[in-house]
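2 protein chains.
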Amino acid sequence: MPFHTHRFASGLQLIGETLPSARSAAVGFFVRTGARDETGPESGVSHYLEHMMFKGTPRRTALDVNRDFDRIGASYNAYTSEENTVYYAAVLPEYLATAVDILADILRPSLRQADFDTEKQVILEEIKMYQDQPGSEAWEHARKIYYGTHTLGQTILGTTESVTALTAEQMRAYFDRRYVASNILVSVAGQFDWDAFVKLIDDKCGQWTDAAATRTGVTEHVGPGGVHAVVKEGVAQEHVLCLAASPPAESMMRYTASTLAIAIGDDSGSRLHWALVDPGKVESASCGVDPSQGNGMLAASYSCDPEDAAENLAIVRQVLSEVQTGGITDEELLQAKNKIASRVVRYSERPMGRMRTIAGSWMYTGEYSDPDVELARFDAVSLTSIREYLDKYPVDRLTVVGYGPAATLG
Amino acid sequence: MPFHTHRFASGLQLIGETLPSARSAAVGFFVRTGARDETGPESGVSHYLEHMMFKGTPRRTALDVNRDFDRIGASYNAYTSEENTVYYAAVLPEYLATAVDILADILRPSLRQADFDTEKQVILEEIKMYQDQPGSEAWEHARKIYYGTHTLGQTILGTTESVTALTAEQMRAYFDRRYVASNILVSVAGQFDWDAFVKLIDDKCGQWTDAAATRTGVTEHVGPGGVHAVVKEGVAQEHVLCLAASPPAESMMRYTASTLAIAIGDDSGSRLHWALVDPGKVESASCGVDPSQGNGMLAASYSCDPEDAAENLAIVRQVLSEVQTGGITDEELLQAKNKIASRVVRYSERPMGRMRTIAGSWMYTGEYSDPDVELARFDAVSLTSIREYLDKYPVDRLTVVGYGPAATLG
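Chains as they are written, first to last, in numbering that gives the first Met the number 0: chain A, 0 to 409; chain B, 0 to 409.
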């Protein structure tokens with residue numbers, strides 16, 4: 000597949016992949032900033048700022064931003080993670096230039112005081128809404144307990160207190176510090192012309208200024224261990240998360256990590272599926288990896304009747320202990336590889352999938368994520384590399400967090 | 000795009016669309032049965048049966064079913080709606096025949112008593128889990144109140160009581176009545192050979208027996224009107240649904256209905272967005288249509304602080320009343336059309352999207368859903384057809400259901 004890159008004088012980077020069979024195009028602006036880059040008083044500012052981006056620029060009111068996106072039928076959105084804030088749109092090819100015009104414009108927002116005050120109420124409502132969702136609350140508590148004072152434990156939404164206290168001046172200072180040209184990557188995939196696209200970005204973003212946007216606290220971390228029961232009455236299910244260290248996003252061990260997580264806790268046919276879901280002991284159980292810059296986390300999780308939470312935890316420990324001691328089988332490895340091949344291929348059929356994949360790879364490794372190379376690397380995962388993984392990142396060295404009515408997990 | 004159909008002597012129907020640029024294939028078995036086809040004592044049996052399909056056949060144990068799917072890396076699943084139960088898989092082309100072998104096999108399940116007993120606990124857990132999700136509970140109550148004794152008000156999951164009381168004999172009788180050849184459609188899309196596929200289905204499903212699977216209660220329905228507050232303490236948000244009649248899935252008015260719903264309550268740039276979401280009055284607000292065989296429903300919904308629920312309801316009523324009286328503008332119509340064009344094209348880029356789209360169209364209208372024809376029909380929606388829609392299905396003739404702490408909605 001034709002992959003292209005370009006670096007502008009400002010420091011802004013651009014990557015793209017053309018897909019001749021596509022009937023649409025997807026474009027995203029990836030800003031390397033998120034909850035982990037916030038100081039204490041700024042808690043929640045990355046996510047709040049993401050909302051504010053849609054509230055207007057010198058050229059557009061909030062109404063214009065929405066109308067202009069809507070007029071071209073764009074599917075557009077944004078999200079904030081612990082370390083990235085991403086703005087993206089998928090459109091028909093004839094509207095790609097307009098989509099870029101809007102995205103580039105909103106990335107230089109007005110941040111007006113009146114809009115800031117109005118949006119604060121939206122953010123506070125969103126915080127409340129998530130408090131109603133036990134699965135999401137369980138994760139918030141688990142990350143905080145696992146990471147302690149490490150920056151990856153910082154909450155994305157912020158708290159009612161931090162968001163209430165936040166000022167527009169603090170937000171502007173954060174914006175000036177983080178939304179600099181060299182801290183942003185533009186990614187495009189699908190039906191488009193590369194040369195015209197480079198010119199378009201130069202035209203729309205050529206004036207962006209730069210500065211050094213450093214990230215501190217990029218260190219590996221292992222959780223404190225132990226079992227932590229966060230008691231929450233009034234919900235029916237207990238949510239339990241078992242967390243262990245795993246490789247960072249830039250590590251070549253990431254292929255082994257993903258493969259192993261599938262063997263342990265994929266939706267179907269995994270160890271946790273057979274031990275917990277199939278016999279009806281839990282509502283759901285899974286295992287996944289959450290790789291970040293400099294540090295990763297593996298999470299085995301389940302939700303069940305609070306009365307069964309302790310018994311099920313003993314089963315999860317047993318499953319992970321067996322994997323730690325004996326690894327996985329040839330058959331499990333083959334299954335995991337076929338699942339990954341199928342997912343990589345199917346995800347690659349969409350411009351939006353490719354746009355995100357090439358951006359993720361470029362940001363963490365500076366490499367082009369060629370689907371065939373990716374498939375070959377997954378195919379190279381072996382029982383030996385699984386053993387090496389387990390020796391370096393034991394899956395039975397757990398920090399356990401329960402959220403729900405159970406006062407103890409045994 | 001090359002579209003093919005075939006009807007076997009048994010009554011089983013097959014449709015397919017080949018996509019030369021696809022690198023995968025998707026296949027689905029669509030059974031025309033769901034909650035609306037259940038008698039009172041059978042409540043929940045369609046969904047429970049869907050789970051049981053994965054528990055084994057004369058040729059495969061539950062373990063084999065999962066292992067065989069997993070071995071080929073299939074992305075497979077099933078779901079049950081008010082009127083359809085669907086089993087599907089997406090795979091690499093070289094594994095399509097294996098995927099069909101498994102799907103065809105599990106559609107003739109053993110339904111063993113021991114598996115039935117074990118799975119009952121899983122279903123009861125699932126019912127509990129949904130009770131923890133206010134958004135989902137709100138919908139359950141709203142459908143029940145809107146539809147009353149109409150079959151479309153029947154719950155998909157069933158109740159703790161109905162599922163507890165259900166016997167394996169009742170499930171077998173339901174299966175024999177509903178899973179007959181002429182009540183099933185097979186749909187395939189992506190990278191595959193049509194002639195080989197017809198032969199494959201004949202080989203795997205040729206012995207399926209047939210009988211008349213009728214559906215009763217296919218009548219149009221209008222809700223009772225009024226405002227119904229279902230009080231639920233302990234959740235932070237009030238969920239409010241405003242329901243009105245809209246055209247059935249087989250109606251040619253469906254294009255107008257979808258277009259109007261986007262103008263009223265799409266995520267962005269819609270009337271409800273500007274009236275409620277943008278000023279921060281609610282956490283979320285939307286409008287959508289839910290077309291079924293013989294009857295449709297339009298739902299405008301929002302969630303917010305319980306204290307603001309009544310005031311926001313007045314705003315929703317005002318928005319809908321203005322639409323009812325004055326229709327929408329040219330600009331709103333253009334926006335809605337561009338959004339639909341973009342969504343239809345992007346959804347069509349995936350074999351899974353095409354497999355589902357052609358099946359839905361075929362089941363309700365007996366027509367091939369050609370993307371270009373679909374786009375042309377959406378493009379033909381006019382202010383005149385919007386007016387005709389509103390005259391036939393007034394959007395201000397509402398049944399309102401609130402779920403949350405609010406005792407009254409004003």
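Virtual Cβ for every residue (Gly too), placed ideally from N, Cα, C.
Given D262 (chain A) as reference, the closest of A:N311, A:G233, A:I385, A:E160 once Cα atoms are compared = By one-based count along the first sequence, residue 262 (chain A) stands at place 263. The residue you asked about is not Asp; residue 262 (chain A) is Ala in the sequence shown. Of the candidates A:N311, A:G233, A:I385, A:E160, the one whose C-alpha sits nearest the C-alpha of A262 (chain A) is A:I385.
Which same chain residues, not among the five before or five after S74 (chain A), have their C-beta less than 6 angstroms away from its C-beta?
-> As a working note, residue 74 (chain A) is residue 75 in the first sequence. For S74 (chain A), where only same-chain residues beyond five positions count, the Cβ hits under 6 angstroms are A89.
Residue closest to V315 (chain A), alpha-carbon to alpha-carbon, out of A:M354, A:S360, A:G264, A:V343 = In the first sequence, residue 315 (chain A) corresponds to position 316, counting from 1. Nearest option by C-alpha distance: A:G264.
Is there contact here, the segment 9 to 20 of chain B with the segment 199 to 211 of chain B, by at least three beta-carbon pairs under 8 angstroms?
-> yes
So with Cβ pairs under 8 angstroms, would you call K231 (chain B) a contact of chain A?
-> Within the second sequence, residue 231 (chain B) is the residue found at index 232, counting from 1. Chain A, which has no Cβ nearer than 8 angstroms to the Cβ of K231 (chain B), makes this no.
Measure the C-alpha to C-alpha separation of G39 (chain A) and D192 (chain B) and round it to an integer number of angstroms.
-> Translated into positions along the first sequence, residue 39 (chain A) becomes position 40. Translated into positions along the second sequence, residue 192 (chain B) becomes position 193. Rounded to the nearest angstrom, the two C-alpha atoms are 59 angstroms apart.
Taking the C-alpha atoms as reference points, what is the distance between N65 (chain A) and R58 (chain A)?
-> Here residue 65 (chain A) is taken as the residue at index 66 of the first sequence, counted from 1. Here residue 58 (chain A) is taken as the residue at index 59 of the first sequence, counted from 1. Cα to Cα, the separation comes out at about 13 angstroms.
Indicate whether Y146 (chain A) and H220 (chain A) have their beta-carbon atoms separated by less than 8 angstroms.
-> Stepping through the first sequence from its first residue, residue 146 (chain A) is reached at position 147. Stepping through the first sequence from its first residue, residue 220 (chain A) is reached at position 221. It is a contact, given that the beta carbons lie within the stated cut-off.
Stretch-stretch touch, CB-based, cutoff 8 angstroms, three pairs: the segment 351 to 363 of chain A with the segment 180 to 189 of chain A = yes
From the DSSP output, which residues share a beta bridge with S186 (chain B)?
-> Here the question's residue 186 (chain B) lines up with position 187 in the second sequence. Beta-bridge pairing links S186 (chain B) to B:I14, B:G27.
Counting only the same chain and skipping the five closest in sequence on each side, list residues whose C-beta sits under 7 angstroms from that of E139 (chain B).
-> Taking the second sequence and counting its residues from 1, one reaches residue 139 (chain B) at position 140. Excluding residues within five positions, the ones whose Cβ falls inside 7 angstroms are T154.
Looking at the structure shown, is S135 (chain A) part of a helix, part of a strand, or coil, going by DSSP?
-> Position 136 of the first sequence, counting from 1, holds the residue named residue 135 (chain A). Looking at S135 (chain A) - three-state DSSP - the assignment turns out to be helix.
As assigned by DSSP and simplified to three states, the class of A210 (chain A) | As a working note, residue 210 (chain A) is residue 211 in the first sequence. Residue state, collapsed to three classes: coil.
Name the chain B residues whose beta carbon is nearer than 7 angstroms to that of N337 (chain A)?
-> As a position in the first sequence, residue 337 (chain A) is number 338, starting the count at 1. Neighbours of N337 (chain A) on chain B, chain order: R70, I71, G72.
When every heavy atom of the ligand COA is checked, does at least one fall within less than 7 angstroms of the C-beta of P92 (chain A)?
-> Only the bare structure without any ligand can be found here, which leaves the ligand COA out of the picture.
Excluding sequence positions up to five away, which residues of its chain have a Cβ less than 8 angstroms from the Cβ of D131 (chain B)?
-> Sequence index remark: in the second sequence, residue 131 (chain B) carries index 132 (1-based). Cβ within range, chain order: n/a, list empty.
Limits of the unbroken beta strand (DSSP E) element including M128 (chain A) | Indexing the first sequence from 1 puts residue 128 (chain A) at position 129. Looking at the DSSP string, M128 (chain A) is not in any beta strand (DSSP E); the run it does join, the alpha helix (DSSP H), is 112 to 130.
T32 (chain B) classed as buried or exposed, judged by whether at least 16 other C-beta atoms fall within 10 angstroms | Translated into positions along the second sequence, residue 32 (chain B) becomes position 33. Classification of T32 (chain B): buried, given that the 10 Å Cβ count is 16 or more.
Three or more C-beta pairs below 8 angstroms linking the segment 362 to 376 of chain B and the segment 310 to 329 of chain B | no
For A89 (chain B), which of helix, strand or coil comes out of DSSP?
-> Translated into positions along the second sequence, residue 89 (chain B) becomes position 90. Correct three-state label for A89 (chain B): strand.
Nearest candidate by alpha-carbon position, reference P305 (chain A), set B:M128, B:V44, B:G72 = Within the first sequence, residue 305 (chain A) is the residue found at index 306, counting from 1. Nearest C-alpha to P305 (chain A): B:M128.
Report the option in B:D100, B:E49, B:G55, B:D67 whose CA atom is closest to the CA atom of Y78 (chain B).
-> Numbered from its first residue, the second sequence carries residue 78 (chain B) at position 79. Comparing Cα-Cα distances from Y78 (chain B) to each of B:D100, B:E49, B:G55, B:D67, the minimum goes to B:E49.
Taking a cut of 7 angstroms between CB atoms, which residues from the segment 112 to 127 of chain A lie near chain B?
-> T117, E118, Q120, V121, E124, E125, K127
If you measure from the beta carbon of Q334 (chain B) to each beta carbon in chain A, is any gap under 8 angstroms?
-> Sequence index remark: in the second sequence, residue 334 (chain B) carries index 335 (1-based). Yes, because at least one Cβ of chain A sits closer than 8 angstroms to the Cβ of Q334 (chain B).
Nearest-angstrom Cα separation, counted from H3 (chain A) out to L95 (chain A) | On the first sequence, residue 95 (chain A) is found 96 positions in, with the first residue counted as 1. On the first sequence, residue 3 (chain A) is found 4 positions in, with the first residue counted as 1. Distance between the alpha carbons of L95 (chain A) and H3 (chain A): 17 angstroms.
Run the CB neighbour count on P108 (chain B), radius 10 Å, all protein chains shown included, and call it buried at 16 or more, exposed below.
-> Walking along the second sequence from the start, residue 108 (chain B) turns up at place 109. Under this definition P108 (chain B) is a buried residue.
Tell me V481 (chain A)'s beta-bridge partners as DSSP assigns them.
-> Since the first and last residues shown for chain A are 0 and 409, residue 481 (chain A) lies out of range.
Are the beta-carbon atoms of G293 (chain A) and V217 (chain A) separated by less than 8 angstroms?
-> Numbered from its first residue, the first sequence carries residue 293 (chain A) at position 294. Numbered from its first residue, the first sequence carries residue 217 (chain A) at position 218. Going by C-beta atoms, G293 (chain A) is nearer than 8 angstroms to V217 (chain A).
Would you mind sorting T150 (chain B) into buried or exposed? The rule is 16 or more other CB atoms within 10 Å of its CB.
-> Stepping through the second sequence from its first residue, residue 150 (chain B) is reached at position 151. Burial call: buried.
Which word fits P1 (chain A), buried or exposed, when buried means at least 16 other C-beta atoms lie within 10 angstroms of its C-beta?
-> To locate residue 1 (chain A), count along the first sequence from 1; it is residue 2. Classification for P1 (chain A): exposed.
Taking the Cβ atom as the reference point for each residue, do Y178 (chain A) and R376 (chain A) lie within a distance shorter than 8 angstroms?
-> Here residue 178 (chain A) refers to the residue found at position 179 of the first sequence. Here residue 376 (chain A) refers to the residue found at position 377 of the first sequence. Going by C-beta atoms, Y178 (chain A) is not nearer than 8 angstroms to R376 (chain A).
Leaving aside the five residues before and after C204 (chain B) along the sequence, list all residues of the same chain whose C-beta is less than 6 angstroms from its C-beta, in chain order.
-> To locate residue 204 (chain B), count along the second sequence from 1; it is residue 205. Excluding sequence neighbours, C204 (chain B) sits near L11, A103.
Find out if the Cβ-Cβ distance for the pair V318 (chain A), L271 (chain A) is shorter than 8 angstroms.
-> Mapped onto the first sequence, residue 318 (chain A) falls at position 319. Mapped onto the first sequence, residue 271 (chain A) falls at position 272. Yes, Cβ-Cβ distance for V318 (chain A) and L271 (chain A) is below 8 angstroms.
In the DSSP assignment, what are the bridge partners of A77 (chain A)?
-> Your numbering for residue 77 (chain A) matches position 78 in the first sequence. A77 (chain A) pairs with A:Y86.
Taking contact to mean at least 3 C-beta pairs separated by less than 8 angstroms, is the segment 241 to 250 of chain B in contact with the segment 379 to 398 of chain B?
-> yes
T166 (chain A) to L123 (chain A) span [Cα, whole Å] = Counted from its first residue, the first sequence places residue 166 (chain A) at position 167. Counted from its first residue, the first sequence places residue 123 (chain A) at position 124. Answer to the nearest angstrom: the Cα atoms are 14 angstroms apart.
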